[in-house]
Each structure stands twice: as C-alpha cells, then as structure tokens.
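To keep things clear, I will list the structure first and then write my remarks on it.
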Amino acid sequence: MKIGLVILIFLLSATAYSVEQPREIKLQIIRVEPGDTLHGIADKYLKDPSRWPEIYQYNTNLIDDPDYILPAMELKVPVELIKEHLRAAHLIYLLREVRARKRGESKWQSAKLNMKLSNGDAIRTLKRSFARIGFETGEVLKIRENSLVILRPEEEREEVELLLGELRASRARVLTAAAVIEPRLNPEGPKPDFKARVRKDKSTQVAVYRGEIDVASDEVKITLSQGFRLNIDYQKGIEEPQPFVYVPGSEEGGVVPIEYYHLEIARDESFKELVVDKENVLDNNEYFWKLFHSTEKSIYSSVENFMVNTFPMEFFGSSEEESKLPDGRYFWRLFYCDDLGAKIKASSIKRLVIDTKPPYLEILVPRKRARTKEDFIVVKGKTEEGSTVEVNGERAITYLEGNFVIYSKLAPGKNILTVLAWDRAGNVTTAKREVVKIK
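Following the numbering used here, the numbering of the sequence shown begins with 39 at its first residue and continues without gaps.
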C-alpha cells in the first residue's frame, strides 16, 4: 500500500512538472547614472523597492552591497518590477531614414534597431521611411513617412504626441494640436485599430478600422466607430464623421489591410520614364476603388479634370503648377499598399491622354446670318474626332473624323444657334450662328 502511494505521488509530481512551462521574463535595460546605488535605483524604478535583491538574478557582476556606488554600466531589470511610467519603448522596425532624439537634447541621431526609447524621446521619419515602436504592453505604433512623434509610455495607457505626419495605433492615447484621441479598451469588444494624421496646417484626420475611439476637441467629444473617419480643423474644431471604404486585399490566402494607393504615371508602358510617382491615403471614398478596377483602357483628361476628377489633387501636392503634366499620351497604374507603403497588388496598365486644347470646331451650314422660310434648318460641321456636339441643348449625330449633323427647329424671327463641342478631355469650344426665319 505504501509503495503504491509513493508511486502515485511520484507520477502526479512528474505530471505537474511536465505541464509547467517556464514563464518568459521581459527585461528592460536601465543605465546607471553617476552616484547611483542599487538601493537608489530600486527606489527610483521599482514599484516595490523592497524587491531589489531580485535584480541580482539578472546581473551576476554586481557587488553584493546595495549601497555601493556603481560604476557606469547597464542593469537588466524585469519589466514587471518597474513603475509603469518608467517603462521604455523600443524601435522594433525601421526602413530607410529614421531619426531619434533624446529628451532634452536638440540634435537628431540616426535611429538604431532595438534602441530604447523613454518618456519625451522623439522619432522622426523622412521621405519613404517608416518605423514601428514596440511598448512593453504589446502595443505597436506604426509611424509613416515624413512624421514627427514624441513618445510618452506612461502608466498603463501609452501616450504619444503626433506633431506631423501619420501613425497607426491600437491602445495608445494620441495627442495632436487639434485633438485628443483615446481608444476605448473593452476586454469583451474588438481591439481598437485606428489611424491619425496631422497635416502642415495642424488639422487632424482620424479613421477607425476596428473598435471605437473617443475624439475630443474644444470641449466637444465624439465617439468614432469602425468604418468612420473625421477631420478636426485646428481653428474650427470637429467636423461631421463620414463613412469610408476599407478594402481588404487577399495575398496567399490571407487578408492584407489596404492602407494606401500608389499612383505611377509614365511616358512609356514599361514605366521606366516616370513622371508621377505618388501615394495617397485610402480613407476618403469609393473613388480609388472604382479607379483601380476600371475597365476603361484609356482616360482623356484636361488639366482641370486631371487634377480634380481623374486623379485627386492630393496625389500631386497643393501647388497647381506642380500638378500639371504637358499634353501628351501617358501610361498609368495604381498599386494597393500596406501601412508601410509596400506595394501589394497592381491594377492593369491604362493609357492617359492629357489634352488642354479646346477642340477644333467649324460650322459648314448654315452660313452666317442665314435667312429661311423653313421650320427646321440643318446644322452641319466638323470637330475633333471623338468629341460630342450639341446645338441649343440638343445632341447632334456625330460620325467618324468628327463630322456632325442635326436639324434644329426655328421660331419666327431671329434665332441664335449655339453650338457646343467638347472633347474627351472635357475641353469645350463654342460657336454661334444667327438664322432669321422669314414669312
């Protein structure tokens, strides 16, 4: 009986031991300042300073005297022991030119992968450069190009100040010049996923992809839900929320969030001579989606239509002169891009014809100041091939090579025939004929 009991106890102990998994201990590096002692560091950094002996487990080179003044060194301390507001963040991803600036310093340094970032430290991304900041809570802050962010991993809710550019977050509280953005953390609800963008005029754009966030500005607070976006003007406050289309892209059977569209316009079909190489956000409306999936092989555009309708103005910057392309034939395509600007999928290649010249228009009949007894008069002429013609609001019949014809009804006395011809790019030419109907 005793032997059986011993065997049973042994088996139970072995089973318990076999299922017990070692717990991963996350460590934070703390730099020892001149004059620091282990007791002093514990008082400053630890939630419970009496647990200072545990630091010895991870720093075997320490002298066994907590009041000994330590030399310049770095200590490894379990994150769970550290006061929340002193926990650090780390740069877990960077692409191209990313700069970092320590709190209280004026000089920017090249950022290094896995570098420690504390309260008040700043990250700046340059053109076509991206960064991701990891917090000890598991929050990952995604920072896009041309952005400036100040980090404040305080308390249990991380806080960041977005001065310029764009970031994407889940649980971090985001401060901008125009608003305070605070995600709603509901354990039973979906994990928030949102994007904030600050323009040069200090206005803020917010879009929510999942969950809910609160947006406050000038004592006005709005809860923004999944699928909605809003603008906060620096001077005028919060605008009305608007829905947006969020299109997931499929890649190798998975779902890839589509964040941006990237536009390329080239002089050649192989896209070696690019004249436009721009990207823009997705969260305005369905326009990009329709443009991406358009089956039209060619688009004809005047300058005005090109900037405002065919491709939105934001693709080209705020200057009208920067937005103009010389007249000619081009090729264009759009790419889906993820939140780091990586191109995921390309549209088909289509032609773009920039045409800023009004169409040629010649009225062959009637002659100028014509007179007739008939109730109808035939109007014939010639214009640019592919153009549309109207006479006094009525559509004319058009033929190959730009020929057109229409019969117009006349009223007694003087009649003014207004002929409009507009080409495929939207340019318009107007001509008039005076015809007198006599008795």
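We put the CB at the ideal spot given by N, CA and C, even for glycine. Fair warning: this is a prediction, and the values are worked out from it, not measured in the lab.
Assigned secondary structure, residue i (DSSP; H/G/I helix, E/B strand, else coil)
i, result
"G366", "strand"
"I79", "helix"
"I93", "helix"
"S156", "coil"
"V117", "helix"
"F330", "helix"
"L438", "helix"
"S167", "coil"
"P281", "strand"
"S88", "helix"
"F309", "coil"
"G424", "coil"
"V346", "Note that V346 scores a pLDDT of 34, beneath 50, so its modelled location is shaky; the value from the coordinates is reported in the next line. Residue state, collapsed to three classes: helix."
"N269", "strand"
"I101", "coil"
"Q147", "strand"
"E359", "At E359, the pLDDT of 43 sits below 50, so the modelled position is not reliable; the number obtained from the coordinates is stated separately. Helix at E359."
"P72", "coil"
"E220", "strand"
"A207", "strand"
Residue nearest to residue i in terms of C-alpha spacing, selected from the options
i, options, result
"V212", "P228, T394, K82 and K180", "K180"
"S156", "Y131, G78 and A127", "A127"
"V187", "L129, N152, R134 and D86", "L129"
"R134", "T214, R190 and R162", "R162"
"Q529", "N99, R222, R305 and I276", "Outside the modelled stretch of the chain, which goes from 39 to 477, sits residue 529, for which no answer is possible."
"F232", "P225, T242 and E226", "T242"
"P116", "Q95, I171 and V70", "Q95"
"N184", "R235, T214, I171 and A217", "R235"
"W146", "Y368, Y437 and R137", "R137"
"G203", "S386, K165, Y131 and I219", "K165"
"E257", "G249, E250, V218 and R237", "V218"
"K452", "R89, R407, H77 and R141", "R407"
"E250", "L200, R209 and I68", "R209"
"V198", "N224, I171 and G176", "I171"
"L205", "F168, I387, D315 and P104", "F168"
"R389", "R405, Y437, I401 and F309", "F309"
"D239", "L201, M153 and P404", "L201"
"Y131", "L151, L100, G73 and S144", "L151"
"T436", "R139, L399 and R89", "L399"
"R237", "R182, G227 and N224", "R182"
Nonlocal neighbours in the same chain, by C-beta distance under 8 Å from residue i, ignoring five residues either side
i, result
"E439", "K420 and E423"
"Y445", "F414, I415, V416 and V417"
"F266", "A245, V246, P279, Q280, P281 and F282"
"K477", "K411 and P450"
"V313", "I303, A304, R305, L363 and Y368"
"V70", "I79, L108, P109, A110, M111, E112 and L113"
"F484", "The structure shown has nothing for residue 484, since the chain only spans 39 to 477."
"I401", "V417, K418, G419, V457, A469 and R471"
"L65", "Y96, K114, V115, P116 and V117"
"E489", "What the structure shows of the chain is the stretch from 39 to 477, and residue 489 is not part of that stretch, so it cannot be assessed."
"E536", "There is no way to answer for residue 536, as the model of the chain reaches only from 39 to 477."
7 Å CB neighbourhood of residue i in its chain, flanking five on each side removed
i, result
"L455", "V417, V429, N430, S446, K470, R471 and V473"
"P87", "A80 and D81"
"P396", "N465, V466 and T467"
"S255", "A216, A217, I270, G275 and I276"
"D252", "E220, R222, K259 and T261"
"K229", "S208, R248 and G249"
"D105", "T75 and H77"
"D315", "E302"
"Y272", "A215, A216, D239, K240 and S241"
"G227", "G249"
Contacts around residue i, its chain only, beta-carbon distance under 6 Å, and the 5 residues preceding and following it disregarded
i, result
"L84", "L119"
"T468", "L458"
"T426", "W460"
"S288", "Residue placement at S288 cannot be trusted, given a pLDDT of 43 that sits under 50; what the coordinates show is reported in the next sentence. Within the same chain, S288 has no close Cβ partners at all."
"F373", "H300, K381 and A384"
"A434", "V427, F442 and I444"
"G158", "R141"
"A160", "R139 and I188"
Whole-Å CB distance - residue i paired with residue j, under 8 Å assumed
i, j, result
"A449", "K411", "Not a contact, Cβ separation roughly 13 Å."
"I387", "R409", "Not confirmed; about 55 Å, so no contact."
"K154", "I67", "6 Å"
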